[in-house]
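Here is the structure we will look at, set down as structure tokens.
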Amino acid sequence: MEKEKILIDSAEMHAVIERITFQIIEKVKDYDNTYIVGIRRRGEYIANRIIECFKNHNKKPLKSGVLDITLYRDDLSEIANMPEVKSSHIGFDVNGKTIILVDDVLFTGRTIRSAIDALLDYGRPAKIMLAVIVDRGHKELPIHADFTGKHIPTRKSEVIHVKVKEIDNVDDDCVTISDREA
Numbered sequence: 036m037e038k039e040k041i042l043i044d045s046a047e048m049h050a051v052i053e054r055i056t057f058q059i060i061e062k063v064k065d066y067d068n069t070y071i072v073g074i075r076r077r078g079e080y081i082a083n084r085i086i087e088c089f090k091n092h093n094k095k096p097l098k099s100g101v102l103d104i105t106l107y108r109d110d111l112s113e114i115a116n117m118p119e120v121k122s123s124h125i126g127f128d129v130n131g132k133t134i135i136l137v138d139d140v141l142f143t144g145r146t147i148r149s150a151i152d153a154l155l156d157y158g159r160p161a162k163i164m165l166a167v168i169v170d171r172g173h174k175e176l177p178i179h180a181d182f183t184g185k186h187i188p189t190r191k192s193e194v195i196h197v198k199v200k201e202i203d204n205v206d207d208d209c210v211t212i213s214d215r216e217a
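The numbers in our numbering rise by one with no breaks, and the one at position 1 of the sequence shown is 36.
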């Protein structure tokens, strides 16, 4: 595999989080009925960064949750024989609420479809929106991000990784690109 190349460094990653936060502030007016839900794994950490940035600029904290979509994926048999399933933490009634799903990369749209299926098992939100760090194109489903940090056109053979310090053994958050193994 080709060596990874950094596309977004730590400083730019901070700017991307701010950009998404300002997009949310501009578009969402009813904060009392808006919740941010991070998709495990990286989406939950990105959601935490957006919430922190939101507090710094708006001073009204957004309520949040975490969604594990492992059992909802349509590629479950391809990821592992024994996939690790973690719990979701949705400690609020989703009925009638605006939910902002947060993920790292929007590629085919299949992860988001799985997240929507999982979320609907909790109830019927008034609206579901999507925030992503990177939209790389190549969608296979009619899904788009409402809040996007960066649009980065890629080849299908490339892999985009959003790395967060909590789980990726990096000193600072960043986004990398590399070629998929042949």
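Ideal Cβ positions, reconstructed from N, Cα and C, are used throughout, including at glycine.
- Residue nearest to A50 within the set E39, K40, I85, P96 is I85 (criterion: CA-CA distance).
- In this model, L176 and K200 are separated by some 31 Å (Cα to Cα).
- Of R148, Y107, T146, G100, the smallest CA-CA separation from F127 is found for G100.
- Below 8 Å, too few C-beta pairs join the region 153–162 and the region 185–200 to call them touching: fewer than three.
- Here the alpha carbon of C209 sits roughly 20 Å from the alpha carbon of L136.
- Nearest to H92 by C-alpha distance, out of I104, I71, I60, is I60.
- The three-state secondary structure of A150, taken from DSSP, is helix.
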